[in-house]
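For reference, the structure is listed below as structure tokens.
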Amino acid sequence: MVLAWIERDAQGSPTAAAGEVLATARELGAEVTAVAVGEPGDLPDDLAKQGVAHLVLLRHDLLADAEPATVGEALAGLAAARGPAAVLAAATPESTEVLAWAAAALGVPLATACTGIRPGEPWEVTRERAGGILLEDAVLDAPVHLATLTGGARTTGETAPAPEVGVEVVVPELDPTLPRARLVEHRARASGMTLATAPVVVSGGRGVGSAEGYAVLEELAGLLGGAVGCSRVATNNGWRPHADQVGLTGTRISPDLYVACGISGATQHWVGCMSARSILAVNTDPEAAMVRRATWAVIGDVHEVLPAVVAEIRRRAGT
Amino acid sequence: MDVLVCIKRVPAVGAEIALTADATAVDTRHLGFTIGPHEECAVEEAVRLADRTGGRAGVLTVGPPETEEQLRYALSMGADHAIRVEAPVADPEPEVTTAAITGALRELPPYDLVLFGEASADAGHAQVGFRVACALRRPIVGGVKGIDVGEEHVTLRREAGGGVEVHEAPLPAVAAVLEGLNLPRYPTIKGRLRAKKAPVRVLAGPAATSGLRTLRLRHRPEARAETVLLGHGAGAAPAVVDVLAELGVVR
Ligand SMILES: Cc1cc2nc3c(=O)[nH]c(=O)nc-3n(C[C@H](O)[C@H](O)[C@H](O)COP(=O)(O)OP(=O)(O)OC[C@H]3O[C@@H](n4cnc5c(N)ncnc54)[C@H](O)[C@@H]3O)c2cc1C
Ligand SMILES: Nc1ncnc2c1ncn2[C@@H]1O[C@H](COP(=O)(O)O)[C@@H](O)[C@H]1O
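Right under this line is the structure:
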């Protein structure tokens, strides 16, 4: 049996990533038990469509604010009681935290950010390192195999819906003496375009030269219906807020178009933008890694090229 | 308040990463070393918290003697004491790192707050902080981008579920933080001189093992075509706008 941890979105539905976890769990060829925090009745329809026949709902007052540590404690208890071959979850920050606590409580290793799992004697996994710039093949030798899966860890396949989801409510035993963090406030953010969802990102690095230098990037992003991004040099210099940073320790993005202005293309930046559909590099250095990896490149100074591009867009639009 | 930050020595890789001949590690012969940005922010935060509350800011790493270079960098940023837990490599498996840190925390004078990076910059296991918290029975919040301390509680802010969450944890507590928590300072010359001479306390490491073992590292297959050069300088603008029009992002 494999336990598949079902992460839920703000509306309570299983996330897309949770769906991928279910698919991988099925591919391992074992019976799949989906596990979520919840009340009976608030999940099965969604899950039946994904072929889930058995769902365990964890229910406990202490799980009300879904603190990952507490959820991890509950999941570890369930795994200890049921003895699954594996416990799988999405490689999102929240689910990774849940599994990290569960792994520690169970005293077993945890392979995070896996792109593939190969059961055997022993099991092997392929995982992403350094944000995915490198892949690591590793042995995962444990009585129960804990792993988190990155998006695209498997091929999408159609699933026959389950006729019925067998729901079982489990009240986990949680340590009443364990000091816990608790959620005291949740503020929704104003909706709107974010760096992570923008179809076009116009991004600037050291080559932009100053905070004021981003005005032309803002203008171009506005014309293209996109957002402005930046490299870590820009955030470190205080030119842009960290929320704009693309990369390993910033945001990973996958826009249709990434315009990289005065950015050299260090691996830690590259992992943040390598999923872009296309890249336009503007750089004075024709040998820059970003230029070599881009779809299109313009060799030149950001502050000569971008104003000319903006002017040309305006000229053609007749504005 | 006394704060301890766990930091990891990682290779400062550039635009390409070379692997060793047996492909089990990054070839570091021509590389410098650093700590990850999440941890740099953790050090900055610890120094500020200690300054504000009249406490101490310590840094700890698990690794061989050369990892003291990163401890000294943290000292030059304003940390006031450093601990190295002996280990043969700077990149042990998470369970081994956890055992070393947990052992040290049981031996050292108590800290009110222990800070980790959300994930190490090279291996990115994203779990040591949670493992240490579990072993020590401490509350933990991950993904932290804001810290306020009170007498007996710490308030931790994180971004989640399309908004901002505020968590409260009783002290002593653990947090795994993200870059963006603050803007870390550059070390001053005075800081560097002080760090050079500061003692590093060395603790013996535990004999721990893990069922997670690296077999080999590989480059991700890259499938990009040749770059199309659109031109030089301002003269390239029409070609650029042609491409933008083709993509449908401008009319
Ligand atoms: C653990 C770790 C994590 C990191 N995480 C991130 C991250 O999340 N995001 C990130 O971005 N970085 C990250 N970095 C930093 C990264 O290694 C690079 O230092 C950084 O990305 C470089 O930024 P840059 O390209 O703007 O600057 P540089 O590397 O200095 O490149 C500047 C580029 O601009 C070009 N240029 C200069 N002047 C002009 C001009 N007038 N017009 C056009 N082009 C010009 C130059 O030819 C050069 O190619 C991380 C580093 C480490 C060690
Ligand atoms: N060798 C180490 N020494 C000290 N701290 C470490 C070490 N490895 C990891 N850490 C800490 O644990 C965090 C998470 O690491 P990881 O679980 O490997 O992603 C890092 O950001 C560090 O704060």
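So the protein lines, in turn, are chains A and B.
For the first sequence, my numbering assigns the number 319 to the last residue and increments by one with no breaks.
For the second sequence, my numbering assigns the number 1251 to the last residue and increments by one with no breaks.
Heads up, the beta-carbon is just placed ideally off N, CA and C, and yes, glycines get one too.
Just so we're clear, the structure is a prediction, and the values are computed from it rather than from any experiment.
9 Å Cβ cutoff met for residue i and residue j
i, j, result
"L220 (chain A)", "V246 (chain A)", "no"
"P76 (chain A)", "L106 (chain A)", "For clarity, residue 76 (chain A) is Ala in the given sequence; the question names Pro instead. A contact, by the Cβ cut-off of 9 Å."
"E97 (chain A)", "A1176 (chain B)", "yes"
"L1060 (chain B)", "L1004 (chain B)", "yes"
"T15 (chain A)", "R26 (chain A)", "no"
"G1161 (chain B)", "A10 (chain A)", "yes"
"C273 (chain A)", "V202 (chain A)", "no"
"G205 (chain A)", "H303 (chain A)", "no"
"A1100 (chain B)", "V1062 (chain B)", "yes"
"P93 (chain A)", "L140 (chain A)", "no"
"L135 (chain A)", "I117 (chain A)", "no"
"A1126 (chain B)", "T112 (chain A)", "yes"
"G151 (chain A)", "A91 (chain A)", "yes"
"T1067 (chain B)", "R1009 (chain B)", "yes"
"S1120 (chain B)", "G1180 (chain B)", "no"
"L217 (chain A)", "V228 (chain A)", "yes"
"L224 (chain A)", "V1249 (chain B)", "yes"
Span of the alpha helix (DSSP H), counted from its first residue to its last, around residue i
i, result
"Y1073 (chain B)", "E1068 to S1076"
"D137 (chain A)", "Element bounds for D137 (chain A): not the alpha helix (DSSP H) but the beta strand (DSSP E), L134 to L140."
"G77 (chain A)", "P68 to R82"
"G222 (chain A)", "A215 to L223"
Chain-ordered neighbours of residue i on chain B, where CB pairs are closer than 9 Å
i, result
"S264 (chain A)", "G1014 and A1015"
"T363 (chain A)", "Nothing about residue 363 (chain A) can be reported from this structure: the residues present for chain A run from 1 to 319 only."
Which listed residue (the options) has its alpha carbon closest to that of residue i
i, options, result
"D1242 (chain B)", "A:R59, A:G238, A:A317 and A:D285", "A:A317"
"P143 (chain A)", "A:R82, A:A160, A:R187 and A:E168", "A:R82"
"A64 (chain A)", "A:R240, A:G209 and A:V171", "A:V171"
"R1194 (chain B)", "B:P1011, B:L1071, B:V1010 and B:G1248", "B:L1071"
"L1244 (chain B)", "A:A266, A:I279, A:H269 and A:Q268", "A:I279"
"T115 (chain A)", "A:A23, A:V310, A:T267 and A:S13", "A:A23"
"L1031 (chain B)", "B:A1239, B:T1209 and B:V1013", "B:V1013"
"R226 (chain A)", "A:G209, A:D244, A:W239 and A:P199", "First, the residue type needs correcting, since residue 226 (chain A) is Gly and not Arg in the sequence shown. The shortest Cα separation from G226 (chain A) among A:G209, A:D244, A:W239 and A:P199 belongs to A:P199."
"A190 (chain A)", "B:K1197, B:G1163 and B:P1109", "B:G1163"
"V71 (chain A)", "A:R180, A:V52, A:M1 and A:A288", "A:R180"
Residue range of the unbroken beta strand (DSSP E) whose run includes residue i
i, result
"I1007 (chain B)", "First-last for I1007 (chain B): undefined, no H or E at that position."
"S275 (chain A)", "S275 (chain A) -> no beta strand (DSSP E), and no H or E assigned at all."
"H1030 (chain B)", "Taken as a continuous stretch (DSSP letters only), H1030 (chain B) belongs to no beta strand (DSSP E), as it is neither H nor E."
"I1140 (chain B)", "I1140 to V1149"
"I1083 (chain B)", "H1081 to E1086"
"H54 (chain A)", "H54 to L58"
"W320 (chain A)", "Here chain A covers residues 1 to 319 and nothing more, so residue 320 (chain A) does not appear."
Close Cβ partners of residue i (< 6 Å) along its chain, the five nearest in sequence each way excluded
i, result
"A1023 (chain B)", "R1216 and L1217"
"V35 (chain A)", "L3, W5 and V56"
"A1133 (chain B)", "I1140 and V1174"
"D1002 (chain B)", "G1055, R1056, Y1111 and D1112"
"G1191 (chain B)", "S1076"
"E1168 (chain B)", "H1153 and T1155"
"V1085 (chain B)", "V1062, A1100, A1104, L1203 and G1205"
"A282 (chain A)", "In the sequence under discussion, the amino acid at residue 282 (chain A) is Val, which differs from the Ala named in the question. C261, V298, V302 and V305."
"S275 (chain A)", "S254"
"P1187 (chain B)", "S1076 and M1077"
Contacts around residue i, its chain only, beta-carbon distance under 7 Å, and the 5 residues preceding and following it disregarded
i, result
"T155 (chain A)", "Low per-residue confidence applies at T155 (chain A): pLDDT is 49, beneath 50, and the placement is therefore not dependable enough to give any value."
"I1017 (chain B)", "V1026"
"G1129 (chain B)", "F1116, I1140, G1142, V1174 and A1176"
"G132 (chain A)", "V271"
"P1088 (chain B)", "P1064"
Under 7 Å from the C-beta of residue i: neighbouring residues of chain B
i, result
"W101 (chain A)", "F1130 and C1134"
"L257 (chain A)", "L1247 and V1249"
"A10 (chain A)", "G1161 and G1162"
Where residue i meets chain A, residues with beta-carbon distance less than 9 Å
i, result
"A1121 (chain B)", "A130, G131, L248, T249 and Q268"
"H1030 (chain B)", "Chain A residues near H1030 (chain B): none, gap ~15 Å exceeds 9 Å."
"R1052 (chain B)", "Ordered by position in chain A, no residue passes the 9 Å Cβ test against R1052 (chain B), which lies about 22 Å from the chain."
"L1215 (chain B)", "E124, E136, D137, A138 and V139"
"P1139 (chain B)", "E67, A69, L178, P179, R180, A181 and R182"
Chain-ordered chain B contacts of residue i [CB-CB under 8 Å]
i, result
"G225 (chain A)", "V1249"
"R293 (chain A)", "E1222, R1224 and T1227"
"L110 (chain A)", "P1094, H1125, Q1127 and L1212"
"P93 (chain A)", "E1118, A1126, G1142, G1143 and A1160"
Chain-ordered chain A contacts of residue i [CB-CB under 8 Å]
i, result
"A1234 (chain B)", "G300, E304, V305, P307 and A308"
"E1107 (chain B)", "By Cβ distance, chain A contributes nothing, its closest Cβ being about 20 Å from E1107 (chain B), past 8 Å."
Neighbourhood of residue i by C-beta distance below 8 Å, restricted to the same chain and skipping five residues each side
i, result
"E1159 (chain B)", "G1143, K1145 and E1165"
"G19 (chain A)", "Q50"
Proximal chain D residues relative to residue i, where beta-carbon distance stays under 7 Å
i, result
"G213 (chain A)", "The chain inventory of the structure shown lacks chain D, comprising the protein chains A and B."
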